[in-house]
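Chains as they are written, first to last, in this note's numbering: chain A, 143 to 609; chain B, 16 to 608. Ideal Cβ placement from N, Cα and C applies to all residues, glycine included. First up is the structure itself, then whatever we jot down about it.
Set out below in structure tokens:
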């Protein structure tokens with residue numbers, strides 16, 4: 143039996159070393175690494191479908207004296223998110239770095255991030271979850287700090303402060319878990335059976351983890367790092383930050399909402415998520431930086447996903463997994479297009495950008511379709527997600543469950559305003575050269591076809607999720 | 016035959032015309048390909064129309080729990096009627112487009128978008144459940160956005176497209192919310208299942224009422240009902256064939272069509288009154304505003320708004336057959352009138368003001384077809400519009416207020432449409448206009464033939480109404496009242512605009528009083544401003560929050576700084592601190608028990 147899960151984590155380490163040695167082929171190696179990741183993910187999914195169970199696990203010894211193993215395991219959510227993250231990383235590696243800016247370090251960081259992301263979705267216990275979490279946070283930090291745009295230093299420190307705070311809480315929760323769980327088990331599945339612990343400890347673990355993941359998702363009021371980080375990062379950085387890093391939090395939420403104690407907090411968390419969705423939707427209206435605008439839509443979408451997780455219903459949870467999948471693809475596409483706009487016009491301010499569609503027609507239409515995708519137009523994957531999430535919400539909260547859907551109106555209305563202002567109206571030809579490379583075209587078409595494929599044929603993923 | 020087969024010719028036509036646009040040499044064939052696709056789909060749809068009522072289950076798209084989300088197509092009843100109308104009008108629109116759209120470089124994009132638009136509408140007409148309906152509904156919204164903003168290089172069409180998509184977005188989300196609420200009650204999205212489940216409901220349900228109202232908001236946005244109607248006049252910035260299509264058998268009819276499909280549900284929930292109320296208000300606003308516009312197409316846009324209001328009035332009175340008769344005849348005359356106005360604009364170098372275009376009396380074909388359209392819309396016997404108007408009026412006869420309003424609307428309709436027809440006639444006398452009238456002799460046949468066909472269809476439908484008994488049902492009293500109001504309107508128009516043309520011209524006081532568009536746009540502006548204000552307040556709050564976190568972190572840093580003072584390596588400080596500490600320990604040990 144091939145240790146597929148171990149390979150998924152270990153192979154990128156090899157590629158990382160290769161980038162260190164073969165300096166000239168760094169970009170190629172990163173692409174190969176991401177393709178390997180995608181292939182292995184598909185192999186794991188195929189195994190899961192053939193074995194008709196999404197739960198695969200591999201256990202290796204690690205720190206035996208503390209009863210901590212190197213446990214890798216998959217479940218429905220992790221398989222879906224792995225698929226999404228490997229597609230996004232593949233496209234990021236292939237077409238994210240349009241200007242070929244410092245390719246070696248960019249590739250290095252991307253492969254490092256790949257290790258972190260894959261590890262988080264595969265981790266079977268909280269200890270290695272924590273390790274991969276930090277790897278997954280450090281790589282984007284450098285993507286902002288080194289490869290970012292003008293305001294990158296402030297943004298990156300803000301990002302790392304929030305994230306380090308989150309990982310401190312995570313560590314604290316892990317320690318609590320270690321001392322109070324029977325047999326010092328840190329296994330993620332043990333979280334579901336914490337009802338034997340004292341209530342105070344359960345509450346502490348839940349709240350500590352909740353705040354940690356809430357920062358990462360992000361949910362109001364701990365969202366402030368996101369707009370800065372996403373807008374100042376390199377295009378590759380924005381794509382993985384928004385597409386994948388925010389899903390770490392979502393994935394974590396799925397884990398902790400399996401805790402029995404979660405029921406008593408679900409209502410208030412749902413309320414917070416609903417507020418967060420509208421809050422961010424209103425904040426979008428005050429933005430003028432095209433990457434900040436897209437960054438804020440991430441908060442709206444992730445808040446809706448949080449809302450769906452907090453319904454604690456089967457359709458709500460399935461919908462949130464589907465929603466994270468769809469949003470990862472859609473937002474990566476939006477950031478890829480936004481990066482192309484920045485590359486072509488050397489500007490991100492919508493008050494200055496005019497008539498983008500005249501010089502960069504393909505990019506303009508891709509951006510438009512990205513907006514359709516995040517507002518949940520049918521036949522895109524987001525629609526399926528919206529249907530599941532809000533049916534779960536209605537069954538949990540009745541009429542109030544439908545309210546957060548209307549944050550999409552506010553968001554969509556402003557997005558159409560942006561499209562009108564900067565993309566279509568205002569015929570003002572600039573000398574900008576809208577040439578698009580083949581790599582970008584591949585990037586657009588892969589993300590686009592994935593969005594529509596899983597929107598038209600939802601049974602592929604639903605088979606995994608419902609199994 | 017499977018109903019989806021009817022969409023294939025259009026689909027391939029659209030794709031092929033897009034591909035033909037790759038080279039300038041082949042682009043000129045795009046229109047032929049698209050037209051062939053439209054004719055193919057039209058013939059297949061007419062074949063489907065003649066099939067017995069049937070429903071086709073496509074697939075179980077996905078399931079939640081044990082409940083499946085099926086995609087279903089349905090034929091028969093209102094579905095077939097709408098499909099038939101699209102089948103009749105769509106090839107005419109494509110044919111008209113071949114003459115109208117003579118911009119060489121944009122052909123393939125135009126026909127691609129138009130084909131997708133038609134496919135969406137046909138799918139909408141065939142849909143047997145809410146899911147299929149919603150897919151088609153969103154497809155319509157997006158393709159109409161692309162078509163309205165077709166000339167996006169200019170600001171006006173791009174702005175109009177944005178207004179349209181924003182209004183449509185509100186409706187889409189409201190409708191999605193309504194659909195999901197409906198599903199949560201019935202666990203099915205099939206129209207017939209919903210309607211039959213609604214009949215067995217007992218008591219009132221807030222849940223369902225909210226769902227139905229949300230769906231109604233969706234229907235109102237797409238069918239341009241007050242207060243969501245302003246986008247439709249802006250939509251006139253799109254190419255004229257698109258306007259003709261949009262206003263006759265497609266797009267704006269989608270909302271009316273939905274309420275027709277779900278009528279039993281609305282009846283059961285006692286929610287007909289919003290349709291009656293909003294429909295009446297919209298009809299009045301539409302007919303009055305039509306009087307205040309000089310734009311040759313916008314007059315007709317407001318007229319469409321009025322027509323849709325009348326349809327909702329008929330549905331609100333639970334008069335399904337009246338609504339459907341009017342639904343049918345309106346498609347014919349509105350397509351004809353809009354094509355006429357497009358032709359007039361084409362002959363006048365795209366000038367749009369009725370005071371600036373030259374008289375088209377010289378072109379007999381154009382004049383006669385426009386006249387037939389005008390007579391039909393004002394409801395003059397024996398044109399088919401008459402039967403539609405009388406059917407709606409008869410339905411309203413039980414409600415005196417609505418009946419009075421509808422009669423006034425009949426009068427206003429005749430007034431504005433004859434203004435539309437007569438004012439350009441008068442322009443002939445002005446010297447500087449004569450040069451332009453030459454344009455009428457250069458018009459392409461491909462633009463005139465569809466008009467002729469539609470004019471014939473208008474008369475043909477009257478004959479059909481005599482055969483299938485619709486004409487016999489027309490109440491004589493109501494017919495006389497309707498005819499009198501219309502004739503009075505036409506005569507008033509003749510007196511006002513033939514003799515004293517300055518009435519209601521631009522800048523006149525009467526127009527300022529009558530035009531409601533500004534007030535509504537101002538209201539929208541204030542709503543947008545309000546949202547902007549809220550956004551601003553939230554931004555200030557957000558900045559404050561940021562500041563708080565910043566202060567928190569700098570507080571920690573400050574603390575670190577203070578602690579650092581103690582570690583300077585100054586031995587005196589260390590000794591002093593040690594001494595003070597020892598004394599403190601001593602004090603505590605001694606005095607604290």
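From the beta carbon of residue i, is the nearest beta carbon of chain A less than 8 Å away?
i	result
residue 92/B	no
residue 446/B	Model confidence at residue 446/B stands at a pLDDT of 48, short of 50, so the residue's coordinates are unreliable; what they give is reported in the following sentence. No, no contact with chain A.
residue 23/B	no
residue 124/B	no
residue 561/B	yes
Taking Cβ-Cβ distances shorter than 8 Å, what residues in chain B pair up with residue i?
i	result
residue 477/A	Simply none; closest approach about 22 Å.
Under 8 Å, Cβ to Cβ, is there at least one residue of chain B near residue i?
i	result
residue 526/A	yes
residue 459/A	no
residue 537/A	yes
residue 160/A	no
residue 146/A	no
residue 359/A	no
residue 610/A	Since the displayed chain A opens at 143 and closes at 609, residue 610/A lies outside it and no answer follows.
residue 473/A	no
residue 521/A	yes
residue 366/A	yes
Just the C-alpha distance for residue i and residue j, rounded to the nearest angstrom, thanks.
i	j	result
residue 225/B	residue 142/B	23 Å
residue 202/B	residue 540/B	40 Å
residue 59/B	residue 435/A	46 Å
residue 382/A	residue 174/B	34 Å
residue 330/B	residue 438/B	35 Å
residue 249/B	residue 313/B	8 Å
residue 446/B	residue 433/A	For residue 446/B, the predicted structure reports a pLDDT of 48, less than 50, and the residue's modelled location is therefore unreliable. The matter cannot be settled from this model.
residue 31/B	residue 87/B	28 Å
residue 397/B	residue 476/B	10 Å
Interface residues of chain A around residue i at Cβ under 8 Å?
i	result
residue 167/B	499, 566 and 567
residue 225/B	541
residue 121/B	In chain order: nothing, as chain A lies at least about 12 Å away.
residue 568/B	303
residue 247/B	Correct list: empty, because the minimum Cβ distance to chain A is about 17 Å.
Residue i versus chain A: which residues are under 7 Å apart at the beta carbon?
i	result
residue 549/B	424
residue 181/B	555 and 558
residue 222/B	541
residue 173/B	562, 566 and 567
Check for me: the beta strand (DSSP E) holding residue i runs from which residue to which?
i	result
residue 69/B	69-79
residue 86/B	82-90
residue 265/B	Per DSSP, residue 265/B belongs to no beta strand (DSSP E) and is neither H nor E.
residue 169/B	First-last for residue 169/B: undefined, no H or E at that position.
residue 199/A	198-205
Taking the alpha helix (DSSP H) that residue i falls in, what are its first and last residues?
i	result
residue 256/A	245-264
residue 481/A	456-487
Find the residues of chain B that neighbour residue i, judging by a C-beta separation of less than 7 Å, and give them in chain order.
i	result
residue 544/A	192, 195 and 196
residue 421/A	553
residue 363/A	560
residue 428/A	550, 551 and 554
Cβ of residue i less than 8 Å from any chain D Cβ?
i	result
residue 83/B	In the structure shown, chain D cannot be found, because the protein chains are A and B.
Inset, instruction - Take every Cβ of the region 148-162 of chain B, pair it with every Cβ of the region 545-554 of chain A, and state whether three or more of those distances are shorter than 8 Å. - result: no
Inset, instruction - Inspect the CB distances between the region 456-465 of chain A and the region 424-440 of chain A and report whether three or more fall short of 8 Å. - result: no
Inset, instruction - Evaluate contact between the region 436-449 of chain A and the region 411-420 of chain A, counting only Cβ atoms and requiring at least three cross-stretch pairs below 8 Å. - result: yes
Inset, instruction - Determine contact between the region 240-250 of chain A and the region 361-369 of chain A, defined as no fewer than three beta-carbon pairs at a distance below 8 Å. - result: no
Legend entry - Meets three-Cβ-pair contact criterion under 8 Å: the region 56-70 of chain B and the region 88-101 of chain B: yes
Legend entry - Inter-stretch contact at 8 Å, needing at least 3 Cβ pairs: the region 224-232 of chain A / the region 465-473 of chain A: yes
Legend entry - Contact between the region 248-263 of chain B and the region 201-215 of chain B (3+ Cβ pairs under 8 Å): no
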